[in-house]
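So the structure is just underneath, and the comments pick up after that.
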Amino acid sequence: MSFLSDVYAGLFYFAAFVLVAGLTNKVIQYARTPAPLKIPTTPAPTTKTGVALRLTREVVFFESLFRGSKWTWIFGWMFHFGLFLVTLRHLRYFLEPVPMPIQLIQPFGIYGGIAMVIGLAGLWGRRFLVDRVRYITALSDHLILALLITIGLSGLMMRFVVHTDIMRVKQFFQGLYVGQVYTLPADPLLLLHLLLVAVLMIIFPYSKLLHAPGLFFSPSRNQVDNPREQRHLAPWARRLEQD
Amino acid sequence: MAKADFEVPELQQYPEIPAVEPGVMAHSSPFKSKPQFQADLGFPGELVDDWQKKALDKMGDLLSRYRSLRVYLDSCVKCGSCTDKCHYYLGTHDPKNMPVGRQDLMRKVYRRHFTLAGRLFPKLVGAEDLTEEVLGDWYSYYHQCSQCRRCSVFCPYGIDTAEISMAAREIMDHIGVGQKYCNEIIGKVYKIGNNLGLPGPALADTLEGLEEDVFDDTGVEVKYPLDQEGAEILLVTPSADFFAEPHVDGLIGYGKVFHEAGVSWTLSSHASEAANFGMFIGSYENMRRVALRIREAAIKLGVKRIVFGECGHAWRVAYSFLNTLAGPWDFLDQRYPIPQHICEFTYGLIQEGKLNLDKSRNDDMVLTYHDSCNVARASRMGDRPGGQFDIPRAIIRATCNHFYDMDEETIRDRTFCCGGGGGLLTDDLMEVRVKGAQPRVEALNNVIQEKGVTHMAAICAICKSQFTKVLPYYGMDLDQIVSVHQLVSNALVLTGEETEDEDEAADEAA
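Respectively, the protein sequence lines represent chains A and B.
Per this note's numbering, the first sequence starts with residue 192, numbered consecutively.
Per this note's numbering, the second sequence starts with residue 6, numbered consecutively.
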């Protein structure tokens, strides 16, 4: 088993590196690329505070999606909010001691896990049932849904059906912080769950999961509506004026 | 009813989301630009050798210069929220006219050449090379987008297909595949000063004719000045306003409003065009060159203020981009918005009670109002967000007794494009224009049936021309579309004007 634990340790070091480096790289790329023109979708806020509120509404409530498609909104929001609760619940495996809010959130994390799987199933269903969505769906869209739903189901199975030795799992991840590899429980469900989470971390910066940082850099959502009051000029456009 | 060699969509009482019919609009593409028109804009005359490489180089260049393009090509999760929002999809049923379908034409090339996943596993992520067939799709479907931004309202990440259409057209122009309509027109602006190629003397003649008409109608000498140095206001308006119906009635209205305000104003023969088709072809350089004419005219004429006439995308370029492209405007009077929309100007006068408006003069019409897409979703009027919806409506309500809005789902920031914007207002694209107008005409038809609406007012030259042309395909009259300032012109009682009412009152008194 120690060989397998070594493999998983290496996998998670690699996955964490790819996730952090890949996302940092992308965020730097987005931040460095100029937005030469003012293109907020109007009506748009006229102050920075207003823009912060607009983005908050998009991130927390999926405001635009709500206006666009109620079914997608219901399933999409269930999935994302469920995933958020699940992530909070999982922090207990990565923090020692476990902070009080994380202890309190534990039962909600389980509901979150269920909501997440139902949401994903709904989103997947649309890819078969709605002809327009079927048309735009690529193989990778199915695979990402399969990946997430398998992560969710394997997690729920470990909670409700086949338990694993969770203390040893925690020990394994605590060990990774200090470069020490403890043995993982040899439960197939756990190994599957962890493998897929590592895969998710690795594909994150190279797939449509980039929508997460993308939203914050979307000029139609993050720009202040003040072009008459303040001159907006990209560096490359400024050079045109010097010719 | 106008004759069509294609099927005109039927108008329904309740909007239907059509099932996808792949490829039904693949045959639609505009006439290609000729070498001479390309050269005027600094583009190669015909398809260059090695065009794939040059197109990809240009794409890489745009990706490094436009954050919108980079973020939008990365971020789409194919959620489907936009799929039933484009008027061209609703009218044609072609899935490549769904916003995401249109974006994917470029996204698949982006993935193949600019992302790791697409380089390693093209099939898996739907990545494709830029083949001749893909280029054909680009030319066809990026000219079935009016850059109206309706999709961007409903996208959870604000992905704006207009940005992608513009980039695609810019890339195609750089490999010698330009669109005749837009590129020929931009050349005319450079050479003559406006889209329609009206030279200065013809403009002067037209304006003189307008002065005579207004004098005959009202007995008041309203001036329509051209190239008058030292005037306070430079009016920049779409050249269609000089002679097309109902545009010219709007221009007559602007002149009357300026007259009543007691300000001096002038048009410019150098900048006798508000439209800026440089935006449609996604060319910052051309858009800037067109915009700079306005700066030159303002400096030469020594004006203090700039006011724009009724035009949708022109107002987008004016409101959102003019400060960027042709600013800073430190030589103008900073107490007024730079630039100002004619509706803002008129609304201000109404607020101050400076216009004597007789609403009953518009009693022969029951009005509705069409929010022009670029005004609605890419600009503002007044101090507050949403002023672009409220100010034109306030003007209409101040000038008419009978006004009803169309269905909420089809107005304000959810308004449907007229179907002719974004450089599609050309006869070689008539099928897509007629079909693309269907959602708007459907909503119009419903207020005609339910509220007895007779006319639809608009503040965009393209909308007015488009509806004049396409309404007859749906069994409506071409004169059912009117200018907002036409309503102002009708209702405005000029100082010193002899009105029929007063004549009658005088008769009765005697």
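Positions of the beta carbon are idealized from the N, C-alpha and C atoms, including for glycine.
Strictly below 9 Å CB to CB, what residues from chain B border residue i?
i	result
E249 (chain A)	P161, Y162, G163
K399 (chain A)	D79, S80, C81, V82, K83, V130
Do you know offhand how far residue i's Cα is from residue j's?
i	j	result
T223 (chain B)	E503 (chain B)	7 Å
R300 (chain B)	G332 (chain B)	8 Å
R429 (chain A)	L330 (chain B)	10 Å
I286 (chain B)	E175 (chain B)	6 Å
Y147 (chain B)	A173 (chain B)	7 Å
H407 (chain B)	L297 (chain B)	41 Å
A323 (chain B)	F313 (chain B)	8 Å
R310 (chain B)	R245 (chain A)	33 Å
F263 (chain B)	W270 (chain B)	7 Å
I467 (chain B)	Q297 (chain A)	59 Å
L430 (chain B)	H92 (chain B)	15 Å
W157 (chain A)	R70 (chain B)	Nothing can be reported for residue 157 (chain A): it is not among the residues displayed for chain A, which extend from 192 to 434.
T166 (chain B)	F194 (chain A)	50 Å
H375 (chain B)	M386 (chain B)	16 Å
P14 (chain B)	L499 (chain B)	44 Å
L286 (chain A)	V372 (chain A)	17 Å
F253 (chain A)	T238 (chain A)	21 Å
R323 (chain A)	S33 (chain B)	21 Å
D178 (chain B)	V250 (chain A)	37 Å
L135 (chain B)	L336 (chain A)	28 Å
L497 (chain B)	M435 (chain B)	37 Å
Can you tell me which of the three DSSP states residue i falls into?
i	result
K113 (chain B)	helix
L78 (chain B)	helix
K440 (chain B)	helix
I197 (chain B)	coil
A515 (chain B)	Summary for A515 (chain B): the model assigns pLDDT 46, below 50, so the residue's position carries little reliability, and this model does not support an answer.
M358 (chain A)	helix
W268 (chain A)	helix
V372 (chain A)	coil
R174 (chain B)	helix
A24 (chain B)	coil
A463 (chain B)	strand
K83 (chain B)	coil
E374 (chain B)	Here residue 374 (chain B) turns out to be Tyr, not Glu, going by the sequence shown. Strand.
H32 (chain B)	coil
H402 (chain A)	helix
Q184 (chain B)	strand
F462 (chain A)	Since the displayed chain A opens at 192 and closes at 434, residue 462 (chain A) lies outside it and no answer follows.
C429 (chain B)	First, the amino acid is wrong: residue 429 (chain B) is Leu here, not Cys. L429 (chain B) falls in the coil class under three-state DSSP.
V225 (chain B)	coil
R350 (chain A)	helix
Can residue i and residue j be called in contact, C-beta distance under 9 Å?
i	j	result
G96 (chain B)	G424 (chain B)	yes
Q152 (chain B)	G426 (chain B)	yes
C81 (chain B)	H402 (chain A)	yes
V219 (chain B)	I238 (chain B)	no
L256 (chain A)	W264 (chain A)	yes
K228 (chain B)	G258 (chain B)	no
S260 (chain A)	C156 (chain B)	no
Y289 (chain B)	P227 (chain A)	yes
S273 (chain B)	D246 (chain B)	no
N451 (chain B)	Y479 (chain B)	no
Which chain A residues are close to residue i, counting only those with a beta carbon under 9 Å from its beta carbon?
i	result
M103 (chain B)	R323, Y326, I327
A319 (chain B)	Here the premise fails: no neighbours, minimum Cβ distance about 15 Å.
R340 (chain B)	Simply none; closest approach about 13 Å.
At 7 Å on the CB atoms, spell out the chain A contacts of residue i, in chain order.
i	result
R343 (chain B)	As written in the sequence, residue 343 (chain B) is Ile, which differs from the Arg given in the question. Per Cβ cutoff of 7 Å: R419.
Q18 (chain B)	The contacting residues do not exist; Q18 (chain B) stays about 22 Å from chain A at best.
For a contact meaning CB atoms closer than 8 Å, what does residue i contact in chain B?
i	result
K229 (chain A)	S325, F326, T329
T232 (chain A)	R154, S157, V158, G163, D165, R382, A383, D418
Run down chain B in chain order and give the residues with a C-beta less than 7 Å from the C-beta of residue i.
i	result
P410 (chain A)	R72, S73
D434 (chain A)	Neighbours of D434 (chain A) on chain B: none; closest Cβ ~10 Å, over 7 Å.
W427 (chain A)	R70
Would you mind telling me which residues of chain A sit closer than 8 Å to residue i, beta carbon to beta carbon, in chain order?
i	result
K90 (chain B)	G259
Note to self: Below 8 Å, how does it come out for the segment 134–142 of chain B and the segment 192–208 of chain B: are there three or more Cβ pairs, yes or no?
What the structure shows: no
Notebook entry, point to check: Do the segment 23–40 of chain B and the segment 447–462 of chain B touch if we need at least three Cβ pairs shorter than 8 Å?
Noted result: no
Notebook entry, point to check: Would you call the segment 78–96 of chain B and the segment 409–424 of chain B touching, i.e. three or more CB-CB distances under 8 Å?
Noted result: yes
Margin query: Does the segment 248–258 of chain B come into contact with the segment 479–487 of chain B, if we say contact requires no fewer than three beta-carbon pairs (one atom in each stretch) closer than 8 Å?
Written below: yes
Margin query: Using a Cβ distance threshold of 8 Å, determine whether the segment 390–402 of chain B contacts the segment 334–354 of chain B, with at least three qualifying pairs required.
Written below: yes
Note to self: Three or more C-beta pairs under 8 Å: does that hold for the segment 342–360 of chain A against the segment 381–392 of chain A?
What the structure shows: yes
Check: Taking contact to mean at least 3 C-beta pairs separated by less than 8 Å, is the segment 361–380 of chain B in contact with the segment 405–418 of chain A?
Finding: no
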